[in-house]
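Asks: Numbering (our numbering), first residue to last: 20 to 267.
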Ligand code: PGA
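#1: Does the segment 85 to 93 touch the segment 54 to 64, meaning 3 or more C-beta pairs lie closer than 8 Å?
#2: Measuring alpha carbon to alpha carbon, tell me which residue in 21, 70, 24, 52 is nearest residue 42.
#3: Counting beta carbon pairs with one atom in the segment 191 to 207 and one in the segment 228 to 246, are three or more of them shorter than 8 Å?
#4: Is the closest heavy atom of the ligand PGA to the C-beta of residue 230 under 7 Å?
#5: Are the CB atoms of residue 211 and residue 237 nearer to each other than 8 Å?
#6: Look at the Cβ atom of residue 148, then the Cβ atom of residue 188, and state whether they are nearer than 8 Å.
#7: Taking the runs of the beta strand (DSSP E) that are 3 residues or longer, which of them lie wholly in the segment 148 to 214?
#8: Going by the C-beta, is residue 251 closer than 7 Å to any heavy atom of the ligand PGA?
#9: The ligand PGA and residue 223: does the residue's C-beta get closer than 7 Å to at least one heavy atom of that ligand?
#10: Give a single yes or no on whether residue 185 has its beta carbon closer than 7 Å to a heavy atom of the ligand PGA.
#11: For the alpha helix (DSSP H) containing residue 69, name the first residue and the last one.
#12: First and last residue of the beta strand (DSSP E) that includes residue 227?
#13: Does the ligand MG have a heavy atom nearer than 7 Å to the CB of residue 191?
#14: Comparing the CB of residue 177 with every heavy atom of the ligand PGA, is any distance shorter than 7 Å?
#15: Once the 5 residues before and after residue 45 are set aside, which same chain residues still bring their CB inside 8 Å of it?
#16: Assign residue 140 to buried or exposed, taking buried as 16 or more other Cβ atoms, counted over all protein chains shown, within 10 Å of its Cβ.
#17: Is it the case that the Cβ atoms of residue 165 and residue 145 are separated by a distance below 8 Å?
#18: Here's the rule: buried if 16 or more other CB atoms are within 10 angstroms of the residue's CB, otherwise exposed. What is residue 186?
#19: Let's test the definition: count the other Cβ atoms within 10 Å of the Cβ of residue 105 and tell me whether it reaches 16, buried, or not, exposed.
#20: State the beta-bridge partners of residue 55 as determined by DSSP.
#21: By DSSP, does residue 61 sit in helix, in strand, or in coil?
#22: For the ligand PGA, any of its heavy atoms closer than 7 Å to the Cβ of residue 174?
#23: Do you know how far the Cα of residue 202 is from the Cα of residue 128?
#24: Does the beta-carbon of residue 236, which I'm using as the reference point, lie nearer than 7 Å to any heavy atom of the ligand PGA?
#25: By alpha-carbon positions, which one of 21, 224, 39, 137 ends up nearest to residue 107?
#26: What residue range does the beta strand (DSSP E) around residue 141 cover?
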């Protein structure tokens with residue numbers, strides 16, 4: 020039985036002071052054993068978040084990182100920096116990074132390998148645009164994104180990654196994929212994992228759905244057999260996140 024993992028992607032929201040107030044307002048309500056809960060916060064909020072979640076079951080993640088250890092890469096953050104701070108997760112290849120900051124499948128793979136080297140669990144984002152869905156290439160595209168993201172990653176490491184299926188047309192739009200649409204793609208992701216690594220490893224990987232997950236739809240989505248939780252944007256920085264985590 021895979022344990023659910025529900026991660027909040029704060030994106031570029033909440034100053035350190037706002038982060039402190041928000042975490043203090045919600046941490047006791049979402050401190051459950053039922054699911055793993057992660058706050059993926061802006062870099063500048065990491066210290067505040069790590070401090071406030073002590074003594075809870077909540078983990079902290081970053082939203083990006085660079086793939087070399089150190090050097091002349093102005094503005095970037097390395098896996099070693101995140102690791103030294105005890106950051107346990109990092110989102111890699113979010114569609115907003117692919118769209119606005121030139122992230123590619125190849126750079127995603129480099130980042131995933133580097134994160135794993137530092138024992139940081141990557142949450143790898145994949146998903147199609149509305150045009151791609153209309154063209155009928157969703158499954159092929161997502162298979163390709165997954166395969167390239169995992170190049171040269173052995174099964175033992177692959178078991179620990181998290182994959183987030185996020186249809187771009189459902190992100191921040193209030194339009195959620197239907198449970199069947201989400202399940203179809205998440206099942207296809209598990210199939211490609213089984214092709215690469217075998218069924219046992221594929222069954223260990225947790226696959227999230229992301230895209231307008233909220234208090235009203237979380238339970239239904241998380242009940243699908245191949246969906247092991249969610250990557251939650253807008254609803255993760257509201258009181259509503261409590262209801263997403265404690266879905267019933
Ligand atoms: P959303 O964002 O929940 O606001 O649609 C999800 C995401 O981008 O991870």
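Here a beta-carbon is modelled for each residue, glycine too, at the ideal position from N, C-alpha and C.
Replies: To lay it out plainly:
#1: Segments in contact, no.
#2: Here residue 42 refers to the residue found at position 23 when the chain shown is read from its first residue. Comparing Cα positions, the closest option is 70.
#3: Counting C-beta pairs with one atom in each stretch, the segment 228 to 246 and the segment 191 to 207 have three or more that are closer than 8 Å, which means they touch.
#4: Here residue 230 refers to the residue found at position 211 of the chain shown. Closer than 7 Å to some heavy atom of the ligand PGA: that describes the Cβ of residue 230.
#5: Stepping through the chain shown from its first residue, residue 211 is reached at position 192. Stepping through the chain shown from its first residue, residue 237 is reached at position 218. No, the pair does not count as a contact, with Cβ atoms beyond the cut-off.
#6: Working through the chain shown from its first residue, we reach residue 148 at position 129. Working through the chain shown from its first residue, we reach residue 188 at position 169. Residue 148 places its beta carbon less than 8 Å from that of residue 188.
#7: Whole beta strand (DSSP E) segments, 3+ residues: 181 to 184.
#8: Counting from one through the chain shown, the residue named residue 251 turns up at place 232. Within the cutoff, so yes.
#9: Taking the first residue of the chain shown as 1, we reach residue 223 at position 204. Taking 7 Å as the cut-off, the C-beta of residue 223 does not count as close to any heavy atom of the ligand PGA.
#10: The residue you call residue 185 lines up with position 166 of the chain shown. Yes - the ligand PGA has a heavy atom lying nearer than 7 Å to the Cβ of residue 185.
#11: In the chain shown, the residue the question calls residue 69 occupies position 50. For residue 69, the enclosing alpha helix (DSSP H) stretches over residues 65 to 71.
#12: Taking the first residue of the chain shown as position 1, residue 227 is located at position 208. Residues 225 to 229.
#13: Summarising the ligand content, the structure contains the ligand PGA and does not contain the ligand MG.
#14: Taking the chain shown and counting its residues from 1, the one referred to as residue 177 is at position 158. Within the chosen limit of 7 Å, the ligand PGA does not reach the beta carbon of residue 177 with any heavy atom.
#15: Indexing the chain shown from 1 puts residue 45 at position 26. The residues are 258, 260, 261.
#16: Counting from one through the chain shown, the residue named residue 140 turns up at place 121. Burial call: buried.
#17: Position 146 of the chain shown holds residue 165. Position 126 of the chain shown holds residue 145. If you check the CB distance, residue 165 and residue 145 come in under 8 Å.
#18: Within the chain shown, the letter at position 167 stands for residue 186. Buried: at least 16 other Cβ atoms inside 10 Å.
#19: For the purposes of this step, residue 105 is identified with residue 86 of the chain shown, where counting begins at 1. Exposed, since its Cβ has fewer than 16 Cβ neighbours within 10 Å.
#20: The residue you call residue 55 lines up with position 36 of the chain shown. Answer is 24, bridged to residue 55.
#21: Against the chain shown, residue 61 aligns to sequence position 42. Here residue 61 sits in coil by DSSP.
#22: Position 155 of the chain shown, counted from the start, is the residue given in the question as residue 174. Taken from the Cβ of residue 174, every heavy atom of the ligand PGA lies 7 Å or farther away.
#23: Counted from its first residue, the chain shown places residue 128 at position 109. Counted from its first residue, the chain shown places residue 202 at position 183. So the two alpha carbons sit approximately 24 Å from each other.
#24: On the chain shown, position 217 is the one that residue 236 refers to. Flag unset: Cβ of residue 236 not near the ligand PGA.
#25: For the purposes of this step, residue 107 is taken as the residue at position 88 of the chain shown. The residue from 21, 224, 39, 137 with its alpha-carbon nearest to that of residue 107 is 137.
#26: Numbered from its first residue, the chain shown carries residue 141 at position 122. It spans 140 to 145 - the beta strand (DSSP E) in which residue 141 sits, taken as one unbroken run.
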